[in-house]
Amino acid sequence: MMNWDNTRYLLAVARTGSLRAAAASLGVDQATVARRLRTLEQELNASLFRRSPEGYMLTDSGRELLPDIEQMEVIATTIEHKSTGMNASLSGNVHVASTDSLARCFLLPALCELRQSYPDITVRLTTSPDIMDIRRGEADLAIRSARPSDNTLIIRRLATFRLGLYASEDYVSRRGLPKQGNAFSGHDLIMFPQETVPQYWQVLCGEPLTGGHIVLEASSQWMYIEALRQGLGIGMMAREMMQRCCPELKNVMPTRSESADIWLVANPDVWSAGRVQAVIAAINKAFHCDELRGV
13 MMNWDNTRYL LAVARTGSLR AAAASLGVDQ ATVARRLRTL EQELNASLFR
63 RSPEGYMLTD SGRELLPDIE QMEVIATTIE HKSTGMNASL SGNVHVASTD
113 SLARCFLLPA LCELRQSYPD ITVRLTTSPD IMDIRRGEAD LAIRSARPSD
163 NTLIIRRLAT FRLGLYASED YVSRRGLPKQ GNAFSGHDLI MFPQETVPQY
213 WQVLCGEPLT GGHIVLEASS QWMYIEALRQ GLGIGMMARE MMQRCCPELK
263 NVMPTRSESA DIWLVANPDV WSAGRVQAVI AAINKAFHCD ELRGV
């Protein structure tokens, strides 16, 4: 099959009349131009140029092909311009996947601000504990608490949160504060399902669970937070999220904490699109706003 890229070299030589001038216009050396022309002639099984005192001249075969090759150049340039326009366009759809709590506390404020600047961008927001397949195009972007192992994706650390132990004032007034080193003895615990976060079913923020009583497993982060609000028990959440969305909840063991990274994951096929970059910029701003610094 013919390598269409070789036709660029035919056009350059036909327009300049020499290998040297063609090489200069293409930013390559003369040997490359000569090699590409030979390859094209072999692919087409035709002689395209003859050498004359005036330089390189098209043969009859070359002159017959030239209009078609010039038309190919026009089509290629049109496609390139359209592609650039699509990538730069600040309109269209962007599909973002996240958890319900991250969406409520960070993504929705980001999207409100995005709307003011880019009203023609439409965001489809999917909130689910299930991990969507970015590589297969199930979403353009995802906000995750676990770093994907697929390094063909574009992966950026959005933030590092501090996890702490929280409960409502009502719960604390009824049950008191848990004591560090007492393994939650005498206290109720709210957990995410073990199959989702097995690493948190032995220890929460450095405190063993052995003395606690698990009263609820919630797959939804926002239902988990709502259970904390209604005084059902103690649970582990990010301090940054509590500060932004649930300031009424109390950190019941301030000396116990651990870190958790939040990741932005993107499909490389859409990364450079203007609408996607606009959404990413808004998300970054939401995760790095002044009110969260120094927490």
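In my numbering, the protein residues as written are 13 to 307.
Beta carbons: idealized from backbone N, C-alpha and C, even for Gly.
Taking the alpha carbon of S64 as the reference point, which residue from R116, L221, L31 and E76 has its own alpha carbon closest? On the sequence shown, position 52 is the one that residue 64 refers to. Of R116, L221, L31 and E76, the residue nearest in Cα terms is L31.
Contact under 9 angstroms by Cβ, R156 with I292: For the purposes of this step, residue 156 is identified with residue 144 of the sequence shown, where counting begins at 1. For the purposes of this step, residue 292 is identified with residue 280 of the sequence shown, where counting begins at 1. Not in contact: R156 and I292 (Cβ atoms no closer than 9 angstroms).
If you reduce the DSSP assignment to three classes, tell me which class S73 lands in. Counted from its first residue, the sequence shown places residue 73 at position 61. Looking at S73 - three-state DSSP - the assignment turns out to be helix.
Inter-residue Cα distance where the pair is G29 and R148: As a working note, residue 29 is residue 17 in the sequence shown. As a working note, residue 148 is residue 136 in the sequence shown. Taking the straight line joining both Cα atoms gives about 48 angstroms.
Among L244, R187, V277 and Q255, whose alpha-carbon lies nearest the alpha-carbon of I143? By one-based count along the sequence shown, residue 143 stands at place 131. Ranking L244, R187, V277 and Q255 by Cα distance to I143 puts V277 first.
Going by CA-CA distance only, name the one from D200, G247 and I167 that's closest to G176. Numbered from 1 along the sequence shown, position 164 holds the residue referred to as residue 176. Relative to the Cα of G176, the nearest Cα in the group D200, G247 and I167 belongs to G247.
How would you call C117, buried or exposed, if buried means at least 16 neighbouring beta carbons within 10 angstroms? Position 105 of the sequence shown, counting from 1, holds the residue named residue 117. Flag for C117 reads buried.
Which value, in whole angstroms, describes the spacing of the CA atoms of D182 and L165? Position 170 of the sequence shown, counted from the start, is the residue given in the question as residue 182. Position 153 of the sequence shown, counted from the start, is the residue given in the question as residue 165. One C-alpha to the other measures close to 45 angstroms.
Secondary structure of I81, DSSP reduced to three states: As a first step, residue 81 must be located in the sequence shown, where it is residue number 69. It is helical.
Straight-line CA distance for H199 to Q289? Walking along the sequence shown from the start, residue 199 turns up at place 187. Walking along the sequence shown from the start, residue 289 turns up at place 277. Each residue's Cα considered, the two are about 46 angstroms apart.
Roughly how many angstroms lie between the CA atoms of R251 and L261, to the nearest whole one? As a working mapping, residue 251 is identified with position 239 in the sequence shown. As a working mapping, residue 261 is identified with position 249 in the sequence shown. Rounded to whole angstroms, R251 to L261 spans 10 angstroms at the Cα level.
Under the DSSP definition of a beta bridge, which residues are partnered with R166? Position 154 of the sequence shown, counted from the start, is the residue given in the question as residue 166. Looking at the sequence shown, residue 166 is not Arg but Ile. Its beta-bridge partners are A278.
Can you look up A293 in the DSSP assignment and give me helix, strand or coil? Start at 1 with the first residue of the sequence shown, and residue 293 comes out as number 281. The answer is helix: DSSP assigns A293 an H, G or I state.
Look at V108 and F61 and say whether their C-beta atoms are less than 9 angstroms apart. Position 96 of the sequence shown, counting from 1, holds the residue named residue 108. Position 49 of the sequence shown, counting from 1, holds the residue named residue 61. No.
Ignoring anything shorter than 3 residues, give me the beta strand (DSSP E) runs that lie fully in the stretch 197–281, in order along the chain. Along the stretch 197–281, the beta strand (DSSP E) occurs as fully enclosed runs of 3 or more residues at 200–203, 225–229, 247–250 and 270–278, listed in sequence order.
How far does the alpha helix (DSSP H) with R156 in it extend, from its first residue to its last? What you label residue 156 is simply residue 144 of the sequence shown in a count that begins at 1. That residue, R156, is in no alpha helix (DSSP H); its beta strand (DSSP E) goes L153 to R156.
Residue range of the unbroken beta strand (DSSP E) whose run includes T138: Here residue 138 is taken as the residue at index 126 of the sequence shown, counted from 1. Counting along the chain, the beta strand (DSSP E) containing T138 begins and ends at I133 to T139.
Is it the case that the stretch 185–195 contacts the stretch 217–225, given that we only count it when at least three CB pairs across the two stretches are under 8 angstroms? yes
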